[in-house]
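Engineer:
As structure tokens, then:
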């Protein structure tokens, strides 16, 4: 009997192995059937074992595929069992990005529109309090409470209302004795305007909306004996703990699972969120007509006339940066972390020009926003590996609803929301009403139609953070890469400095927008920097319907992901001879004039190209003018001889670059 059982088990294992083998064989025959060349896949990993296990960064992986198959118009490979199509032919690239762009509007980045926020914010424990309850209102009596308070609207400072996803509490003490509701309210002689304390600011409620947590509220509007009050859930009651905080004792910590099973919570609102994760619901991730509509609303911010008006702000901030750096202790060091220096400058540029908000970045220590941007871009390695190792079917159908694309930790999400709210509150306080990014979003929210994007609060503030990140972080890295190359190539550095000086002399030190556009060598330096150090390694697009490529028998199905190898093209020696050498002459004269337009695509092309391309280039050029006009850059012992990149969520991120900086007298 034992031998029979062993044989049955062995037969079952053999059957599973064969089933497993044929499943992958059928999957991996996809490109072979269509006659598309590509790297040979292996079971489970496809052709992406090294990037799934993070042995290689995507930049290296995609370049290797391009180098091996660059003479093929189309290349097919697999990431696990997902077929990916790489396009090398410039004519086909143009079709995808421009001619047939309406079919390829989506970026093809997977994320869940319906995710449990619990897992996103890494909140593993709740805290229960034991103390006297000064006020308790039965949950089923909420309508009676509403009627009572709203009838007293003329006498009390605030009104109470229940929204779809939130409850605004009054600044009052409420007691229900038998059938009578008694209340009192506090007057605030130091307050010149009316405002609400937005209630439910306990960790339990933070799971459904983190901005209600006490951490994210700068000032608590309701104080008793100098201690703010918290609202907490307890089955069917909403309790208001009014004793001093130091008297509250922690008696129990329990897992989220206990809360879900023991506490009466409305799961359709508190825990299951029908809209996307705020960061994942911004312009970068939006799809189809939604993305084009949002972009059309925001594009007027970056017209030439708007950029001209921004230039005066950039010049003012450049002068402030120079004054700070001249008096800073940084110049006394033998070397400076160039990444941090350029981040301070572009963070200031972006906040002032786009948000009309001063983040006070000119200080010797690292500014808070830069720290969080680094964490955002780095992501969470273990979550990435977990998501990549799990089968696609599990990710797409089940697990994605749980972990979604949560590569960002709780502190980062809280900072993101706090950052946006700080900007909004600052503008209200200083009565700023300029026609800028924030006002466009506000108008869009007010005038939305049924078919338009509903601009919820969390979307609004996270869109501010994402715009700021895209504007300052990309420019900071690009300027830093340029300074690194100029420190290695003094001939190029001196020639560029000479052009800047001559231009400043001609315009009596008052550079205009047209003056910058006439600095051809500066433009060439910028383009060569972006060629050698593109912000993204590939441009991703997803087909919204079946599509047949011209001069080809290949028809790809709806949902097919296509990749355009930016880094591979920029380093192709047939297009750019000796691509490892930094040479701005590539973008001057005949060499630039006769080059295929699709062979230089750092910002993409077509309707879904980079929204802030013009502003990014203006920041880049103004940053180089500021640095080279006033400082000389040299390598030092800590300067890397070759830049090494680390894995990142969005933007290719080099390790720190240290340079010696000398003030020009």
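Residue numbers (the numbering used here): 23 to 687. Backbone N, C-alpha and C fix where the C-beta goes; we use that ideal spot for every residue, glycine too.
Only counting the same chain, and skipping five residues up and downstream in sequence, which positions put a Cβ closer than 7 Å to that of residue 505?
Structural biologist: Here the set comprises 360, 649, 655, 681.
Engineer: Taking DSSP as the reference, what is the three-state secondary structure of residue 122?
Structural biologist: It is coil, neither helix nor strand.
Engineer: Would you kindly report the start and end of the unbroken alpha helix (DSSP H) that includes residue 516?
Structural biologist: Start and end: 512-528.
Engineer: Three-state secondary structure (DSSP) at residue 68?
Structural biologist: Three-state DSSP puts residue 68 in a strand.
Engineer: Of the residues 102, 558, 573, 579, which one's Cα is nearest the Cα of residue 565?
Structural biologist: It is 579.
Engineer: Please name the residue or residues paired with residue 443 in a DSSP beta bridge.
Structural biologist: For residue 443, which the question treats as bridged, DSSP gives no partner whatsoever.
Engineer: With a CB to CB cut of under 6 Å and the five nearest residues on each side skipped, what residues in its chain are close to residue 372?
Structural biologist: For residue 372, where only same-chain residues beyond five positions count, the Cβ hits under 6 Å are 490, 493, 494.
Engineer: Can you tell me which residues form a DSSP beta bridge with residue 577?
Structural biologist: DSSP, once it has assigned bridges, lists 570 as partnering residue 577.
Engineer: Tell me which same chain residues have a C-beta within less than 6 Å of the C-beta of residue 30, skipping the five on either side of it?
Structural biologist: The answer is none, since no qualifying residue turns up.
Engineer: For residue 666, which of helix, strand or coil comes out of DSSP?
Structural biologist: DSSP places residue 666 in coil when its eight states are reduced to three.
Engineer: Taking 8 Å as the limit between beta carbons, can you name the residues of its chain near residue 658, skipping five residues before and five after?
Structural biologist: The residues are 356, 357, 680, 681, 682.
Engineer: Applying the criterion that 16 or more other CB atoms from any shown protein chain within 10 Å of the CB defines a buried residue, is residue 117 buried or exposed?
Structural biologist: Answer is buried; the Cβ neighbour count reaches 16.
Engineer: Which of helix, strand or coil does DSSP assign to residue 101?
Structural biologist: Strand.
Engineer: Give the list of continuous beta strand (DSSP E) stretches no shorter than 3 residues that lie fully inside the segment 25-89.
Structural biologist: Counting whole runs of 3 or more residues, the segment 25-89 contains no beta strand (DSSP E) stretch at all.
Engineer: Taking residue 560 as part of the beta strand (DSSP E), name the residues at either end of that continuous run.
Structural biologist: Where residue 560 is concerned, there is no enclosing beta strand (DSSP E), given that its DSSP letter is neither H nor E.
Engineer: Could you name the residues that DSSP lists as bridge partners for residue 684?
Structural biologist: Residue 684 pairs with 654.
Engineer: Which same chain residues end up closer than 6 Å to residue 546 when comparing Cβ atoms and leaving out the 5 residues on each side of it in sequence?
Structural biologist: These residues qualify, in order along the chain: 606, 609, 610.
Engineer: What residue range does the beta strand (DSSP E) around residue 585 cover?
Structural biologist: Here the beta strand (DSSP E) through residue 585 covers 583-586.
Engineer: In the DSSP output, what is residue 128 paired with across the bridge?
Structural biologist: Answer is 564, bridged to residue 128.
Engineer: State the beta-bridge partners of residue 359 as determined by DSSP.
Structural biologist: Its beta-bridge partners are 680.
Engineer: Exposed or buried, residue 240, counting other C-beta atoms within 10 Å across all chains shown (16 or more means buried)?
Structural biologist: Bear in mind that a pLDDT of 42 at residue 240, under 50, signals an unreliable position, so the number given afterwards is only what the model happens to contain. So residue 240 counts as exposed.
Engineer: Which residue or residues does DSSP assign as beta-bridge partners of residue 106?
Structural biologist: Looking at the DSSP assignment, residue 106 forms a beta bridge with 99, 583.
Engineer: CB-CB under 7 Å to residue 507, same chain, minus the five flanking residues each way: which ones, in chain order?
Structural biologist: Here the set comprises 551, 604.
Engineer: Is the beta carbon of residue 694 sitting closer than 8 Å to the one on residue 588?
Structural biologist: Not covered by the structure: residue 694. The range shown for the chain is 23 to 687.
Engineer: Counting C-beta neighbours from all protein chains within 10 Å, is the total for residue 563 16 or more, i.e. buried, or is it exposed?
Structural biologist: Classification of residue 563: buried, given that the 10 Å Cβ count is 16 or more.
Engineer: Please look up how many angstroms separate the CB atoms of residue 112 and residue 620, rounded, as I've assumed it's under 8 Å.
Structural biologist: Right, their Cβ atoms sit about 4 Å apart.
Engineer: Can you tell me whether DSSP reads residue 334 as helix, strand or coil?
Structural biologist: Of the three classes helix, strand and coil, the one that applies to residue 334 here is helix, per DSSP.
Engineer: What is the rounded straight-line gap between the Cα of residue 52 and the Cα of residue 96?
Structural biologist: Residue 52 and residue 96: Cα-Cα distance of roughly 14 Å.
Engineer: Using the C-alpha atoms, what's the distance from residue 434 back to residue 38?
Structural biologist: Answer to the nearest angstrom: the Cα atoms are 44 Å apart.
Engineer: DSSP three-state label for residue 496, please.
Structural biologist: Here residue 496 sits in helix by DSSP.
Engineer: Determine the burial state of residue 442: buried for a count of at least 16 other Cβ atoms within 10 Å of its Cβ, exposed for fewer.
Structural biologist: Buried: at least 16 other Cβ atoms inside 10 Å.
Engineer: Note down the Cα distance separating residue 445 from residue 590, rounded to an integer number of angstroms.
Structural biologist: Looking at the two C-alpha atoms, the distance is approximately 40 Å.
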